[in-house]
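Some notes on the structure that comes next.
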Amino acid sequence: MFNPLRFLWRVNSRFKSWDEEDINKYQGKQIKKLIKHANKKSRFYSTFYSSYNIDDFSNLPFMNKQLFMDNFTQLNTVGLTREECINHCLEKEQSRDFSEYYKGYLVGMSTGTSGNRGLEFVSKMEAFFMQLLVFFRFPFPKTKKIHLAFILRVFSPGFGHNGRKIRITYVSPLDTIEAIIEKLNTLNPNLISGPPSVLQVLARARNEGSLKVSPLLIISYGEVLSSNVKKIVEKDFNCSVVDVYKSSESFIALPCKHGNLHINEDTTFIEVLDKNNKPVEPGKPGFVVVTDFIKRKTPIIRYKLNDLITIDPKPCSCGSKFRVIKEVHGRADDIILGKKIGSDELRFILPDYIRRSIISSSEYIEEYNAIQTSPENLTIKLQLVANVEKQAKKDIERTIQQSLESIFSKHDSEVPEIEFLYISIKQDFDKKLRRIQRNFEEDFLN
Ligand SMILES: [Zn+2]
């Protein structure tokens, strides 16, 4: 029987007392178990690995989002089809009601840190484990009761919670900034979690006085937290900002009490590799390859993310031997600016809006970029799957156009001229891939 107290003890003692040898030994065992499970229960993996020696982990082929999405029906071990999951997500996007389980599972459409559309899928038990891990390992500030306002992209089932020690309230990042501020003022949380693009705008509101909350700690997630944004948010809120690093595929890292981002070595195995798929030394950036020990229903084995990370070569002063991520060089998106109707005033539009209109418009989109060159011009670059017909392209453009029109109107802003380009978008190994970019400064009109 599962015993939460024993789990708590384990989660803490592993983090504090395991040395490198303990970590390696444990991970080796977990990897073996996972591969055996995937090979037996997932039709995809048994074919994928059929010509490989499954005992030789470092020679197994890599997974990626494309392979995962293309083979979702055969890959998951519970018999759900890709079509039913996507339809369920599109319905949720339409109704914006993310509170439902689908056949007992949390199914979500992610834009993830790795960008284009993917399915995120966890069982209730898997979600429960991840929650426990966060509750037990996260350095919550010492206070009678934590009240966390979670500005969260998609998943809400299981996140809303009101217990004796902790209350979590979900705030949708798809509201306007004004609505988010109003909600936070009413809730008055002592912890706020949100993507850095939202936190940055909230910091300004705090500075200007419209946002009146004084949290004890701020948690950044979902996008890259640059040191610059971190500084601004810490200054305007007068509290620390810590980062968590979670992708749709795995809960990769949590901060320690010294604010450093430690890999969850007991629930995920992270390889950091160079262009030629060779391991890089700590201190140098490399691609993240994830193997997750929790997600058994959609096994994640040697799954390559588009993110680059640098491992800190120095051990953390907190004493834990779990590796520290010094920097995540993943997605960093810009805030789009709308020009208020009948005035020169600029209004903030969060990148999430733009991302969602693009990814929910069609299944054919593999990769995308949206670049705002002025408040009047927005260029959308799309990389589609092969052989998409002209009519289908027109439909995609119309859907995106309509969705963006409604977003800009909702923000009381003029709709920019939207140009569509069809090109191949490659990620430059050495640069961050910003999918939503703004090429002009905010004081553009002054
Ligand atoms: Zn530490």
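The numbering used here puts the sequence shown at residues 11 to 456.
Even glycine gets a Cβ: it sits at the ideal position worked out from N, Cα and C.
Could you spell out where the beta strand (DSSP E) holding R357 opens and where it closes? Per DSSP, the unbroken beta strand (DSSP E) holding R357 starts and ends at L356 to I359.
Assigned secondary structure, E244 (DSSP; H/G/I helix, E/B strand, else coil): Looking at E244 - three-state DSSP - the assignment turns out to be helix.
When every heavy atom of ligand 1 is checked, does at least one fall within less than 7 Å of the C-beta of S330? At least one heavy atom of ligand 1 is nearer than 7 Å to the Cβ of S330, so yes.
Is the Cβ-Cβ distance between M73 and I311 less than 8 Å? Cβ atoms of M73 and I311: closer than 8 Å.
Indicate the three-state DSSP secondary structure (helix, strand or coil) for A396 in the structure shown. Residue state, collapsed to three classes: coil.
Run the CB neighbour count on K75, radius 10 Å, all protein chains shown included, and call it buried at 16 or more, exposed below. Under this definition K75 is a buried residue.
Work out the CA separation of S182 and S133 for me, nearest whole Å. About 22 Å.
Run through DSSP, which three-state label would Y36 get? DSSP, reduced to helix, strand and coil, places Y36 within a helical segment of the structure shown.
Does the region 84-91 come close enough to the region 43-61 to have 3 or more Cβ pairs within less than 8 Å? Contact between the region 84-91 and the region 43-61 is present: 3 or more CB-CB pairs across the two stretches fall below 8 Å.
Where Y457 falls: helix, strand or coil (DSSP): Since the first residue shown for the chain is 11 and the last is 456, residue 457 is missing from the structure and cannot be characterised.
With DSSP collapsed to three states, give me the class of P289. Three-state result, P289: strand.
Are three or more beta carbon pairs between the region 236-253 and the region 263-271 nearer than 8 Å? When C-beta atoms of the region 236-253 are compared with those of the region 263-271, three or more pairs fall below 8 Å, so the two segments count as touching.
Nearest neighbour of I345, chosen from L116, E94, Y255 and S384 [CA to CA]: The option with the nearest alpha carbon to I345 is S384.
Looking only at C-alpha atoms, which of K222, R214, V211 and E218 sits nearest to N195? For N195, the closest alpha carbon among the candidates K222, R214, V211 and E218 is that of K222.
Three Cβ pairs or more, each shorter than 8 Å: is that satisfied between the region 317-325 and the region 287-297? Because the criterion of three Cβ pairs below 8 Å is met, the region 317-325 and the region 287-297 touch.
By DSSP, does V298 sit in helix, in strand, or in coil? Correct three-state label for V298: strand.
Give the single residue among I161, E259 and R366 whose Cα lies nearest to the Cα of I417. Answer by Cα proximity: R366.
Rounding to the nearest angstrom, what Cα-Cα distance links V144 and P206 in this structure? Approximately 19 Å between the Cα atoms of the pair.
Here's the rule I'm using: 16 or more other beta-carbon atoms within 10 Å means buried, otherwise exposed. How should V466 be labelled? The requested residue 466 is not part of the displayed model; the chain covers only 11 to 456.
To the nearest angstrom, how far is the alpha carbon of P7 from that of E377? The structure shown has nothing for residue 7, since the chain only spans 11 to 456.
Given 8 Å as the limit, is there contact between the region 149-165 and the region 389-399, that is, 3 or more CB pairs closer than that? Segments in contact, no.
Assign S353 to buried or exposed, taking buried as 16 or more other Cβ atoms, counted over all protein chains shown, within 10 Å of its Cβ. Exposed, by the Cβ-count rule.
Looking at the secondary structure, which residues open and close the beta strand (DSSP E) in which K349 lies? Note, K349: beta strand (DSSP E), I346 to K349.
Pick from I375, I64 and Q382 that is closest to I406, judged by C-alpha positions: Closest option to I406, Cα to Cα, is I375.
Report the option in I187, E233 and V234 whose CA atom is closest to the CA atom of A213. With distances taken between CA atoms, A213 lies nearest to I187 out of I187, E233 and V234.
Helix, strand or coil for R20, going by three-state DSSP, please let me know. Reduced to three states, the DSSP call for R20 is helix.
Assigned exposure category for K91 - 16 Cβ within 10 Å defines buried: In the sequence as presented, Lys is not what sits at residue 91; that position holds Thr. With fewer than 16 other Cβ atoms within 10 Å, it is exposed.
For M73, the three-state DSSP class (helix, strand or coil): Reduced to three states, the DSSP call for M73 is strand.
For R20, does the count of other Cβ atoms within 10 angstroms reach 16, so buried, or fall short, so exposed? A residue is called buried once 16 or more other Cβ atoms fall within 10 Å of its Cβ, and R20, having fewer, is exposed.
Got a sec, what are the start and stop residues for the alpha helix (DSSP H) I96 sits in? Under the DSSP assignment, I96 falls in the alpha helix (DSSP H) whose first and last residues are R92 to S105.
Whole angstroms is fine: what's the gap from N97's alpha carbon to I304's? When rounded, the separation of the alpha-carbon atoms in N97 and I304 is 25 Å.
With H, G and I counted as helix, E and B as strand and the rest as coil, what does DSSP make of D343? In this structure, DSSP gives D343 a state outside helix and strand, which the three-state scheme calls coil.
Tell me which same chain residues have a C-beta within less than 8 Å of the C-beta of I191, skipping the five on either side of it? Only L212, A215, S220 and L221 meet the Cβ criterion.
Closer than 7 Å: N286 CB and nearest ligand 1 heavy atom: No, since every heavy atom of ligand 1 falls outside the 7 Å radius drawn around the Cβ of N286.
Can you check whether the CB of L129 is closer than 8 Å to the CB of M140? In this structure, L129 does not lie closer than 8 Å to M140 by Cβ.
Which residues in the same chain as D284 place their Cβ atom closer than 7 Å to its Cβ, once the five residues preceding and following it in sequence are excluded? For D284, same chain residues with a beta-carbon under 7 Å away, outside a window of 5 residues either side, are V290 and G296 in chain order.
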